[in-house]
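Student:
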Amino acid sequence: MQNQEFEIDESLRPESRRLFERALRVIPGGVNSPVRAFRSVGGTPVYMHSGAGCRLRDVDGNEYIDFCNSWGPLLVGHRHPGILHALQDQLDRALSFGTPCEEEALLAELAVSRLHPRVPGVERIRFTSSGTEAVMSALRLARGFTGRNKIVKFAGCYHGHVDSMLVKAGSGLATLGTPDSAGVPAAFSGETIVLPLDDEEALDSAFLSHGDDIAAIIIEPVPANNGLLLQRPEFLQRLRTLSERAGALLIFDEVISGFRIGFGGAAERYGITPDLATYGKIIGGGMPVGAFAGRADIFQLLAPDGPVYQAGTLSGNPVAMSAGLAQLRLLTPDVYDRLESLGAQLQEGFESLALPWHMSRIDSIFWLYRGNEAPRRADQIDRDAMKVYAHLFHFMLARGIYLAPSGYEVGFLSTPMAEAEIDRLLDSLREFFQRN
Ligand code: PLP
């Protein structure tokens with residue numbers, strides 16, 4: 010990390026260092042997903058060995074309370090007995106068949122039967138192996154259904170590493186995007202219109218200029234990949250109105266918010282029914298699963314019923330489906346009420362410290378930001394505060410608290426947590442801000 014003004018003590022983690030050095034020789038950057046490399050906080054990634062409930066143990070034997078939760082999937086914590094039992098039962102039978110299996114039918118049935126009353130558009134669902142694949146497939150389906158090419162996305166929302174989503178805004182509003190990663194052809198990014206969040210005018214003007222060409226608007230209705238940029242409900246409603254008027258589809262990317270802020274995710278919370286929704290993380294119970302879901306008339310177009318192709322060797326894998334099914338079965342209204350009350354305890358406790366920092370939160374997703382007003386757009390985030398976060402991250406690590414290794418990432422609560430874990434986080438935050 011550049012301009013690092015604090016010492017990072019890694020003396021208690023020699024085995025992590027050793028493993029990272031080995032990995033660096035054969036894995037680019039030593040990691041299989043960039044943010045794990047600690048580039049924005051500095052230092053060596055911590056190699057974890059095991060987890061139980063809300064605790065992690067690293068390969069050197071250090072323990073942490075886990076506020077990262079594998080980036081969101083582990084709503085019920087590590088190694089929940091209900092999930093382990095379901096997995097063991099499946100492991101005793103087979104790892105993969107490449108044929109349909111009972112678990113995929115049961116998970117699809119459970120998801121649709123419990124989502125549909127809350128989000129009436131969810132009539133069909135198909136599983137993939139990642140959120141990226143779910144988004145890629147939903148976009149293709151939207152294009153196939155509308156016969157149009159352009160997709161509207163928002164700066165500050167992440168939708169996985171789909172080529173056409175790795176795009177930044179071009180110059181001026183309502184212009185076509187430019188690649189935000191090497192290797193993405195301009196012809197792909199040219200089909201993406203990147204708009205700022207929280208800006209009805211930009212949205213109206215994009216639909217005025219390109220309305221007839223727009224296949225879909227995609228948004229994280231709870232943007233949680235670039236801070237937690239909670240949106241005004243009216244803005245989200247405007248997306249629904251404009252897309253409907255223009256004959257475009259509305260896609261809610263609920264890879265993070267799905268099943269986390271209630272079973273029906275953001276669609277239920279805001280009372281807005283998207284045409285398609287994408288899921289990931291929690292729906293796999295800690296295994297690699299994504300899903301896209303939506304109206305039956307749209308899904309009629311998907312192979313093998315229709316001409317839009319989509320597939321996967323390990324899609325609907327029985328082990329992954331068993332884990333997802335077990336986790337979703339655990340999600341009762343009481344679970345969400347308890348997570349909300351833990352979240353409220355955390356937020357009230359943090360705000361009572363009366364700092365120039367504040368907490369954005371929706372249920373069990375939280376994010377610390379510096380400034381008086383909660384940012385609603387990516388360009389409103391105080392970038393200099395990220396240097397302080399890097400310091401905070403290492404301070405917390407030394408006190409046995411594992412936060413996400415980037416100030417742009419959110420934190421997650423899980424059901425094994427209790428008031429004691431929240432108090433420990435608050436005490437450490439108080440100590441850090443008193444000293445810095
Ligand atoms: N969409 C959102 C909102 C995400 O947060 C992510 C990943 O964090 C993805 C899509 C991509 O999911 P995956 O990493 O499983 O490919």
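Just so you know, we're using my numbering here: the sequence shown kicks off at 10 and counts up by one. Backbone N, C-alpha and C define an ideal beta-carbon position, used for all residues, glycine too.
Is the distance from the Cβ of residue 411 to the Cβ of residue 18 below 9 angstroms?
Tutor: By 1-based counting over the sequence shown, the position of residue 411 is 402. By 1-based counting over the sequence shown, the position of residue 18 is 9. Contact flag unset, no.
Student: Below 8 angstroms, how does it come out for the stretch 136 to 143 and the stretch 213 to 233: are there three or more Cβ pairs, yes or no?
Tutor: The stretch 136 to 143, when compared against the stretch 213 to 233, does not touch it at the 8 angstroms Cβ threshold.
Student: Compute every distance between the C-beta of residue 265 and the non-hydrogen atoms of the ligand PLP, then say whether any falls below 8 angstroms.
Tutor: Walking along the sequence shown from the start, residue 265 turns up at place 256. Indeed, a heavy atom of the ligand PLP lies less than 8 angstroms from the Cβ.
Student: The alpha helix (DSSP H) that contains residue 219, what's its start and end?
Tutor: As a position in the sequence shown, residue 219 is number 210, starting the count at 1. Taken as a continuous stretch (DSSP letters only), the alpha helix (DSSP H) holding residue 219 covers 209 to 219.
Student: Our contact map puts residue 168 next to residue 162 with C-beta atoms below 8 angstroms; I'd like the distance itself, whole angstroms only.
Tutor: Mapped onto the sequence shown, residue 168 falls at position 159. Mapped onto the sequence shown, residue 162 falls at position 153. At roughly 7 angstroms, the Cβ-Cβ gap stays under 8 angstroms, so residue 168 and residue 162 are in contact.
Student: Is it a yes or a no for the stretch 411 to 423 touching the stretch 334 to 344, going by three-plus beta-carbon pairs under 8 angstroms?
Tutor: no
Student: Hey, which unbroken runs of the alpha helix (DSSP H) at 4 residues or more fall wholly within the stretch 323 to 410?
Tutor: 327 to 338, 342 to 360, 394 to 407
Student: Relative to the ligand PLP, is the shortest distance from any of its heavy atoms to the C-beta of residue 108 smaller than 8 angstroms?
Tutor: Position 99 of the sequence shown holds residue 108. No, the beta carbon of residue 108 sits no closer than 8 angstroms to any heavy atom of the ligand PLP.
Student: Exposed or buried, residue 11, counting other C-beta atoms within 10 Å across all chains shown (16 or more means buried)?
Tutor: Indexing the sequence shown from 1 puts residue 11 at position 2. A caution first: residue 11 carries a pLDDT of 46, below 50, which makes its placement in the model too unreliable to give a value.
Student: For residue 436, tell me which candidate among 413, 361, 416 has the shortest Cα-Cα distance.
Tutor: One-based indexing of the sequence shown puts residue 436 at position 427. With distances taken between Cα atoms, residue 436 lies closest to 361.
Student: Of all the alpha helix (DSSP H) runs that stay within the bounds of the stretch 59 to 130, which reach a length of 4 or more residues?
Tutor: 90 to 100, 111 to 124
Student: According to the Cβ coordinates, are residue 135 and residue 375 closer than 9 angstroms?
Tutor: In the sequence shown, residue 135 corresponds to position 126, counting from 1. In the sequence shown, residue 375 corresponds to position 366, counting from 1. Cβ atoms of residue 135 and residue 375: not closer than 9 angstroms.
Student: What's the C-alpha gap between residue 356 and residue 155?
Tutor: Locating residue 356 in the sequence shown gives position 347, where the first residue counts as 1. Locating residue 155 in the sequence shown gives position 146, where the first residue counts as 1. Roughly 43 angstroms between the two C-alpha positions.
Student: If we count the other Cβ atoms within 10 Å of its Cβ and call it buried at 16 or more, is residue 403 buried or exposed?
Tutor: If you number the sequence shown from 1, residue 403 lands on position 394. Buried, because 16 or more other Cβ atoms sit within 10 Å of the Cβ of residue 403.
Student: Mind checking whether residue 230 and residue 272 have CB atoms under 9 angstroms apart?
Tutor: Reading the sequence shown from its first residue, position 221 is the one you call residue 230. Reading the sequence shown from its first residue, position 263 is the one you call residue 272. Not a contact, by the Cβ cut-off of 9 angstroms.
Student: Less than 8 angstroms between the CB of residue 166 and some heavy atom of the ligand PLP, yes or no?
Tutor: Locating residue 166 in the sequence shown gives position 157, where the first residue counts as 1. At least one heavy atom of the ligand PLP is nearer than 8 angstroms to the Cβ of residue 166, so yes.
Student: Evaluate the contact criterion for the stretch 101 to 115 versus the stretch 252 to 270: three or more CB pairs, one atom per stretch, below 8 angstroms.
Tutor: no
Student: Give me the Cβ distance between residue 296 and residue 329, rounded to the nearest whole Å; I'm assuming they're in contact under 8 angstroms.
Tutor: For the purposes of this step, residue 296 is taken as the residue at position 287 of the sequence shown. For the purposes of this step, residue 329 is taken as the residue at position 320 of the sequence shown. That pair is a contact at about 4 angstroms.
Student: Suppose the cutoff is 8 angstroms on Cβ atoms and the five residues either side in sequence are ignored; what does the same chain contact list for residue 32 look like?
Tutor: Translated into positions along the sequence shown, residue 32 becomes position 23. 39, 40, listed in sequence order.
Student: Should residue 104 go down as buried or exposed, given a rule of 16 or more other Cβ atoms within 10 Å for buried?
Tutor: Counted from its first residue, the sequence shown places residue 104 at position 95. Exposed, because fewer than 16 other Cβ atoms sit within 10 Å of the Cβ of residue 104.
Student: Touching or not, the stretch 383 to 395 and the stretch 231 to 249, by the rule of three or more beta carbon pairs under 8 angstroms?
Tutor: yes
Student: Is the beta carbon of residue 131 sitting closer than 9 angstroms to the one on residue 363?
Tutor: On the sequence shown, residue 131 is found 122 positions in, with the first residue counted as 1. On the sequence shown, residue 363 is found 354 positions in, with the first residue counted as 1. No.
Student: Look at residue 87 and residue 61 and say whether their C-beta atoms are less than 9 angstroms apart.
Tutor: The count along the sequence shown starts at 1 and reaches residue 87 at position 78. The count along the sequence shown starts at 1 and reaches residue 61 at position 52. Cβ distance < 9 angstroms, so residue 87 and residue 61 count as in contact.
Student: Helix, strand or coil for residue 248 per DSSP?
Tutor: Here residue 248 is taken as the residue at index 239 of the sequence shown, counted from 1. If DSSP states are grouped into helix, strand and coil, residue 248 belongs with the helices.
Student: Quick check: is any heavy atom of the ligand PLP less than 8 angstroms from the C-beta of residue 234?
Tutor: By one-based count along the sequence shown, residue 234 stands at place 225. Flag set: Cβ of residue 234 near the ligand PLP.
Student: Using a Cβ-Cβ cutoff of less than 7 angstroms, which residues in the same chain neighbour residue 441 once the five nearest sequence positions on both sides are dropped?
Tutor: For this step, residue 441 is matched to residue 432 along the sequence shown. Excluding sequence neighbours, residue 441 sits near 401, 404.
Student: Rounding to the nearest angstrom, what Cα-Cα distance links residue 429 and residue 348 in this structure?
Tutor: Stepping through the sequence shown from its first residue, residue 429 is reached at position 420. Stepping through the sequence shown from its first residue, residue 348 is reached at position 339. Each residue's Cα considered, the two are about 14 angstroms apart.
Student: With respect to the alpha helix (DSSP H) encompassing residue 432, which residues constitute its N-terminal and C-terminal limits?
Tutor: Locating residue 432 in the sequence shown gives position 423, counting from the first residue. Segment 428 to 444, the alpha helix (DSSP H) holding residue 432.
Student: How is the beta strand (DSSP E) around residue 307 delimited, first residue to last?
Tutor: Position 298 of the sequence shown, counting from 1, holds the residue named residue 307. Note, residue 307: premise wrong, no beta strand (DSSP E); alpha helix (DSSP H) at 305 to 308.
Student: Would you kindly report the start and end of the unbroken alpha helix (DSSP H) that includes residue 276?
Tutor: Numbered from 1 along the sequence shown, position 267 holds the residue referred to as residue 276. It spans 274 to 279 - the alpha helix (DSSP H) in which residue 276 sits, taken as one unbroken run.
Student: Where does residue 23 fall in DSSP's three states?
Tutor: Here residue 23 refers to the residue found at position 14 when the sequence shown is read from its first residue. If DSSP states are grouped into helix, strand and coil, residue 23 belongs with the helices.
Student: Between the Cα of residue 84 and those of 138, 64, 354, spot the shortest distance and give me the residue it belongs to.
Tutor: Along the sequence shown, one-based indexing puts residue 84 at 75. Per the Cα distances, 64.
Student: Select from 189, 157, 179, 185 the residue whose C-alpha is nearest the C-alpha of residue 171.
Tutor: Position 162 of the sequence shown, counted from the first residue, corresponds to residue 171. Considering only 189, 157, 179, 185, the residue with the shortest C-alpha distance to residue 171 is 189.
Student: Reducing DSSP to helix, strand and coil, say where residue 141 ends up.
Tutor: The sequence position of residue 141 within the sequence shown is 132, counting from 1. Residue state, collapsed to three classes: helix.
Student: Let me know if residue 432 comes out buried or exposed under the rule of 16 or more other beta-carbons within 10 Å of its beta-carbon.
Tutor: Here residue 432 refers to the residue found at position 423 of the sequence shown. Exposed, because fewer than 16 other Cβ atoms sit within 10 Å of the Cβ of residue 432.
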